[in-house]
Structure formats: structure tokens, C-alpha cells
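Read through the structure below, which is laid out as C-alpha cells, and then see the notes.
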């Protein structure tokens, strides 16, 4: 575990000032066990362990950081320990300090992102879901050069903006077998230029899990990794009532199209993990829609409703502190949380 102070030192080296604009949910600080089956491929999963932590901090880069660890085991397949991260990077084209956008000072941009990359490298998560990933050639090359040997990097740019989303899959853990780009504006007039990226993956150390292969179910001919779907998105910020409706439409499209893609590519019961910046609270219409669609909020399942209601991952321009970043897991991946209370707060990325 990368210590909280270590994160501070790394990002301070990148010239990041600690101010009141922040989004942070610390990495892997408390463990819980979710019982239930992971998928329905004739396997009987013994449990899903998720380690999640929360720690409020402050930073000028308004970053989001959520981690979840899943431990999955079945009679035909051993999925091992899975660590998932969602992280809003704050695109340099939006990051303004003293009236100057960071994107106009490339040295500052690269310095900050080198610190982010070092944190990602030290955390070595199995899956990293990134939002506000800036589609600048220098920055994309930096991520590829520094992380490309460790991760398969899939990305999707917004249609009218310089940023987008990305999913990094640890090569030693997963092979990417397929992916889909979802452009919300193609399916709803309230989609704006927001997007969602879906990546299907299989375990790298199992038969039938080759790069670009078709996702398959276990067969009697030998072990074959069951597919897992990962989705990331960044929904519209709710400045006014119309934006609230737009967010609801965006999540509806994301849920519908990702489900359609997974069902058309994978066996029934394939688990789906949706991680990203939802720009809303756990009590709003979008979260209700996620739950009614069969998804569990990983943090709530791991920590219980009391701590979940106090989570803080963002301090907005009104200086309101709230939780807006989530890892949602399809109910086939686990249900019924039992906390073990083993964790301690700490270890987060202050970017």
C-alpha cells in the first residue's frame, strides 16, 4: 500500500498545491466480504472481497480516487484478487490556476501527470478507470511510454471536447478481448458530448484468454476464463434541472448499451463493473436507476450505509463536499456484505 504521506510527497514534487478543491477517496483501506455468485457459468463463487477506503483531503487538481478489491473463487475458475481504481485526473484544459490554464504550460502538465503515473505504477491496480483523460499527443505518449509495458490502454475521446475516458488493464492479469465506444448524443438529445467506454477482458493466465479472442464460457475441454466487463464514464455536472435530466438519460444509455453489448458478446451472467465520476450523490435519481438496474454500490456494500453516507470524493466550485465517484457491481458479482473492520484510513492520491 502506498502511504498517504508518500502520495503527498510524490504530488508535491509535481508542484501541486494543497488547497480546498479536491476529490479523493483513498485506496484500499477497509475490507469487507460480499457473499454470492460471480456470474452464472456453472461456477459457485465462494465470495467477493472488496477493500475500499475513504479519506478526505484537499488539492488544487480536483482528483477522484476510488479503489475496490474483489476476491473471486469458483469451482471451474479462480479469478484471484482484483483491484479496481476509478480516478478523475482533472484535464489540463479545465485546470485553471491564477487565471491560467495548465494546458498552456506543458512542463507543469507533464510534471503533474508524471506524479500521477508514479502513484498508479506503485499502486499497480488490475484495472484503472480514468476520467478527464486529456487527448494531447505528448500526454498520451507519456502514459504509453511509462505504463504501456504494464497495461493495455483503451481510450475514448468526447466528441466536442479535448478530454475523454480511458481504461487500463494490467497485462499480467487480463487480456482485452473486445471493447465498445458509446456516444450518448447518438442515442439521446440530452446526451451532450459525453461518452462511455466498455472493455471486455479475460484472465491472462487461463486457456482461451488471448488478446482479441471471443469471450467464452468454461467448457469441458479445459479451463477457460469467464469474461468480465468494465465500463467507465463521466456524467454531466448538474448545474441546473436540465442537467439532472441529462445525467439520467446518460446513465440510461450507458446501462442499456453496455448491457446490450455484453449480452451479445458474452455468456449469460457475465459480471459488469461500472466505475467513474457520476457527478451525483448516492440518493439521487441516477444512483436509484443504477440500483433498480441490478447494481450494487461497492463502497456501501463494503462499509455499510452509515459510513457510505459520509463519503467525500469531491469539493465543488460551491465548496460543497460530497461523494460523486462510484464503483458499481452487477448483483451477479456478489451480494450481502459482511464487514470485518480490518482496515485503517490512509493511502490516497492527492493530485
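Numbering (full-length UniProt numbering), first residue to last: 1 to 351.
Glycine included, each C-beta is placed from N, C-alpha and C at the ideal position.
Please read all numbers here as calculations on a predicted model, not as lab measurements.
| By a C-beta neighbour count over all protein chains shown, 10 Å radius and 16 as the cutoff for buried, is residue 175 buried or exposed? | buried
| query | What are the partner residues of residue 155, as DSSP defines its beta bridges? | reply | 166
| query | Do you know how far the Cα of residue 245 is from the Cα of residue 87? | reply | 24 Å
| Would you say the segment 270 to 289 touches the segment 321 to 333, given that touching needs at least three Cβ pairs under 8 Å? | yes
| query | Quick check: the segment 150 to 158 against the segment 117 to 137, are there 3 or more CB pairs under 8 Å? | reply | yes
| message | Only counting the same chain, and skipping five residues up and downstream in sequence, which positions put a Cβ closer than 6 Å to that of residue 257? | response | 182
| field | Exposure of residue 173, with buried meaning 16 or more beta-carbon neighbours within 10 Å | value | buried
| request: Helix, strand or coil for residue 258, going by three-state DSSP, please let me know. | output: helix
| Does the beta-carbon of residue 358 have 16 or more other beta-carbons within 10 angstroms, so that it is buried, or is it exposed? | Summary: the structure shown does not reach residue 358, with the chain confined to residues 1 through 351, and so no result is reported for it.
| Endpoints, the beta strand (DSSP E) within which residue 233 is located | 228 to 234
| Any 3 or more C-beta pairs closer than 8 Å across the segment 89 to 96 and the segment 154 to 166 | yes
| task | Measure the Cβ-Cβ separation of residue 85 and residue 127 and say whether it is below 9 Å. | result | yes
| Nearest residue (CA-CA) to residue 285, options 232, 204 and 243 | 243
| query | So what does residue 88 bridge to, in DSSP terms? | reply | 131
| field | Pairwise C-alpha distance: residue 95 and residue 180 | value | 29 Å
| task | Below 7 Å CB to CB, which residues in the same chain sit around residue 78 once its five sequence neighbours on both sides are set aside? | result | Note that residue 78 has pLDDT 42, beneath the 50 cutoff, so the model's placement of it is unreliable and no number is given.
| query | Which partner residues does residue 322 have in the DSSP bridge list? | reply | 314
| message | Is it buried or exposed, residue 83, if we count other Cβ atoms within 10 angstroms and call 16 or more buried? | response | buried
| field | Residue interval of the alpha helix (DSSP H) (run including residue 113) | value | 106 to 123
| query | How far does the beta strand (DSSP E) with residue 295 in it reach, from first residue to last? | reply | 295 to 297
| field | Classification of residue 191 by the beta-carbon crowding that lies within 10 angstroms, buried from 16 upward | value | buried
| If you follow the beta strand (DSSP E) that residue 282 is part of, which residue opens it and which one closes it? | Looking at the DSSP string, residue 282 is not in any beta strand (DSSP E), and its letter there is neither H nor E.
| request: For residue 310, count neighbouring C-beta atoms within 10 Å of its own C-beta (all shown protein chains included) and say buried if the count is 16 or more, exposed if not. | output: exposed
| task | State buried or exposed for residue 292, treating a residue as buried only when at least 16 other CB atoms are found within 10 Å of its CB. | result | exposed
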